Ligand SMILES: Nc1ncnc2c1ncn2[C@@H]1O[C@H](COP(=O)(O)OP(=O)(O)OP(=O)(O)O)[C@@H](O)[C@H]1O
Ligand SMILES: [Mg+2]
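Structural data, given as structure tokens:
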């Protein structure tokens, strides 16, 4: 049975698209058939992070408006056999999406045998974010360890519990996962950032992953590679752990402490 | 210097938010003649209670959306019969629109403070009026069990228990609002706003397991917490109203 997962946050720029790309790649790498959809109409950038921006011919809006088939619009990833991207339109505005249109596309993906459908939500709590979360079975709530991001995520959790199909039909609620990203143990220790425990206590939901702050993320997105595929990086390992937890495995949290400096680094004050 | 300037620098007015005695009239029909006749009958049966009483008109039970013109006709009929409609009861955006068109405020707190209304109750000379008055003011409050809420109340959400207590078994987030006509109980952290006695019940209280509230209000008397006093922060706390003042104290100590 297919699962629809929304990546959402309320606040902008916290790392939703980075997360969508890496989680989708991580699940697909395990042989599951995955589609990742960009709901950020007018500001598409999932395709950039996935490195397929030059192969976008048709997009999500074209499919909804009947200007292309879903098959024509799905972009097959060049690295992972079972991974597909549905890009957002750069030229339309968000009003081009409709609840019925989104439902039709999701139904077709499910009928096509996709195991996971990842919906990359735009920031905010307006229409685009509403449509991205509406059909979700699960939600990855992406949070940065600072007050305004946590507050917005609380808001989003409220919407997940009330403004989704599951809530409206009184079905079992959307499963909520907390993903803390841009986590800097050093700044947490210095009291400049909230700790995992602080955030967990305020939001009261289970943590699916803690992703460290790292320049590797920018490097990966410039290269058009989901950062999880950069085997050298802590960020990759942290996302891989999150994927494992999402699929039901029990993996301890790591990267919560500042990395111990090696002998040479210490000697040369690096 | 003109003489008009008073010696003491008294401001021209003092402003205060507090409970106001307002009867709530929940209309079931827009038939102005029928409402007029009923208001006359109520006043005849209990003039002390109903004559020139300030009334808040609640349109929430109507089956059809009325026009501003119909509402104005209804307001006139009520006024002619001897009560004084002064506001519309909070409803949806339609009510907001009507209120604007009619130049009336929209109010959420519409019930008289219990003590005052008790004093206002007619004595033995009009025995029939008491049950009637109770029926008008308190239609669905008889024996009401507290309203239970088991989900966290998240930022931007609002939970309101009408005519009863509210019990939240988990947390109330910053930017969330919990409100009851009775008491508010939060068996978790209270980080948002809690309003007890929302319609003027001065004996209502707020209880919480972990105090971090942004605002606490009882019967319209409120206090905003920019910073939480050290002796209360994170502690089990109750708040109550004594006279004009809100009091806060740790529970179980
Ligand atoms: N773990 C991380 N370490 C360092 N930088 C990061 C990390 N995660 C994301 N970023 C950076 O944060 C910025 C925003 O990331 P991203 O586009 O994924 O956020 P978003 O939530 O999708 O934004 P929007 O709300 O605009 O859609 C990017 O510049 C990205 O490189
Ligand atoms: Mg994004």
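Protein chains in written order, with the numbering used here: chain A, 1 to 270; chain B, 271 to 523.
All residues carry an ideal CB built from backbone N, CA and C; glycine is no exception.
All of these numbers come straight from a predicted model, not from anything done at the bench.
I believe residue i touches residue j by the beta-carbon criterion, under 8 Å. Please report the beta-carbon distance rounded to the nearest angstrom.
i, j, result
"residue 229 of chain A", "residue 20 of chain A", "Between residue 20 of chain A and residue 229 of chain A the Cβ distance is about 14 Å, and since that is not below 8 Å, they are no contact."
"residue 257 of chain A", "residue 185 of chain A", "5 Å"
"residue 142 of chain A", "residue 15 of chain A", "5 Å"
"residue 233 of chain A", "residue 214 of chain A", "6 Å"
"residue 338 of chain B", "residue 371 of chain B", "4 Å"
"residue 329 of chain B", "residue 365 of chain B", "6 Å"
"residue 341 of chain B", "residue 359 of chain B", "Incorrect: roughly 12 Å between the Cβ atoms, too far for contact."
"residue 176 of chain A", "residue 205 of chain A", "5 Å"
"residue 217 of chain A", "residue 235 of chain A", "6 Å"
"residue 4 of chain A", "residue 106 of chain A", "6 Å"
"residue 2 of chain A", "residue 114 of chain A", "5 Å"
"residue 10 of chain A", "residue 155 of chain A", "5 Å"
Give the single residue among the options whose Cα lies nearest to the Cα of residue i.
i, options, result
"residue 209 of chain A", "A/255, A/122, A/35 and A/125", "A/255"
"residue 427 of chain B", "B/435, B/447, B/415 and B/305", "B/447"
"residue 476 of chain B", "B/281, B/496, B/500 and B/506", "B/506"
"residue 159 of chain A", "B/421, B/307, B/469 and B/376", "B/421"
"residue 479 of chain B", "B/492, B/438 and B/374", "B/438"
"residue 170 of chain A", "A/176, A/161 and A/109", "A/161"
"residue 245 of chain A", "A/51, A/191, A/212 and A/178", "A/178"
"residue 452 of chain B", "B/440, B/414 and B/425", "B/414"
"residue 66 of chain A", "A/96, A/46, A/51 and A/204", "A/96"
"residue 223 of chain A", "A/4, A/22 and A/48", "A/48"
"residue 349 of chain B", "B/367, B/336 and B/320", "B/320"
"residue 41 of chain A", "A/51, A/218 and A/59", "A/59"
"residue 301 of chain B", "B/283, B/286 and B/336", "B/336"
"residue 494 of chain B", "B/445, B/279, B/457 and B/309", "B/445"
"residue 491 of chain B", "B/500, B/312, B/513 and B/484", "B/513"
"residue 80 of chain A", "A/29, A/11, A/238 and A/148", "A/29"
"residue 71 of chain A", "A/53, A/54 and A/112", "A/112"
"residue 525 of chain B", "B/456, B/351, B/327 and B/443", "Residue 525 of chain B is absent from the structure shown; chain B starts at 271 and stops at 523."
"residue 237 of chain A", "A/9, A/150, A/10 and A/22", "A/22"
"residue 373 of chain B", "B/362, B/363 and B/357", "B/357"
"residue 201 of chain A", "A/125, A/150, A/155 and A/33", "A/150"
"residue 110 of chain A", "A/33, A/197 and A/181", "A/33"
"residue 375 of chain B", "B/327, B/334, B/419 and B/486", "B/327"
"residue 463 of chain B", "B/296, B/279 and B/484", "B/484"
Starting from the C-beta of residue i, find all residues in its chain whose C-beta is less than 7 Å away, skip the five residues before and the five after it, and write them out in chain order.
i, result
"residue 482 of chain B", "459, 460, 461, 498, 503 and 504"
"residue 94 of chain A", "41, 42, 127 and 128"
"residue 68 of chain A", "58 and 62"
"residue 164 of chain A", "133, 134, 136 and 174"
In terms of DSSP beta bridges, what is residue i paired with?
i, result
"residue 417 of chain B", "B/436"
"residue 52 of chain A", "Paired residue(s): none; residue 52 of chain A is not in a bridge."
"residue 512 of chain B", "B/515"
"residue 328 of chain B", "B/296"
"residue 3 of chain A", "A/116"
"residue 140 of chain A", "A/7 and A/177"
"residue 209 of chain A", "A/179"
"residue 520 of chain B", "B/507"
"residue 376 of chain B", "B/358"
In chain order, what residues of the same chain have a beta carbon less than 6 Å from the beta carbon of residue i, not counting five sequence neighbours either side?
i, result
"residue 431 of chain B", "417 and 450"
"residue 298 of chain B", "331"
"residue 402 of chain B", "Because residue 402 of chain B sits at a pLDDT of 32, beneath the cut-off of 50, its placement in the model cannot be relied upon, and the point is left open."
"residue 36 of chain A", "20, 24, 85 and 118"
"residue 90 of chain A", "44"
"residue 132 of chain A", "6, 39, 119 and 121"
"residue 102 of chain A", "131"
"residue 195 of chain A", "188"
"residue 253 of chain A", "210"
"residue 55 of chain A", "75"
Taking 8 Å as the limit between beta carbons, can you name the residues of its chain near residue i, skipping five residues before and five after?
i, result
"residue 488 of chain B", "465, 466, 467, 472, 474, 475, 476, 509, 510, 511 and 516"
"residue 323 of chain B", "293, 353 and 354"
"residue 303 of chain B", "347"
"residue 74 of chain A", "35, 84, 85 and 86"
"residue 166 of chain A", "136, 137, 172, 173 and 174"
"residue 522 of chain B", "506"
"residue 104 of chain A", "64"
"residue 13 of chain A", "123"
Can you determine whether any heavy atom of ligand 4 sits closer than 7 Å to the C-beta of residue i, and answer yes or no?
i, result
"residue 218 of chain A", "You won't find ligand 4 in this model; what it holds is ligand 1 and ligand 2."
Restricting to runs no shorter than 3 residues, where is the beta strand (DSSP E) found entirely within the segment 162–207 of chain A? Scanning the segment 162–207 of chain A for uninterrupted beta strand (DSSP E) segments of 3 residues or longer gives 175–183, listed from N- to C-terminal end.
What runs of the beta strand (DSSP E), each 3 residues or longer, lie entirely inside the segment 341–365 of chain B? Taking only runs of at least 3 residues, the beta strand (DSSP E) segments lying wholly in the segment 341–365 of chain B are 354–359.
At 3 residues or longer, what runs of the beta strand (DSSP E) sit wholly inside the segment 419–493 of chain B? If we require 3 residues or more, the beta strand (DSSP E) runs fully inside the segment 419–493 of chain B come out as 428–431, 436–438, 447–450, 454–460, 463–466, 476–481 and 485–488.
I'd like the ranges of any beta strand (DSSP E) spanning at least 3 consecutive residues and lying wholly in the segment 20–97 of chain A. Taken in chain order, the whole beta strand (DSSP E) runs of length 3 or more contained in the segment 20–97 of chain A are 34–38 and 83–86.
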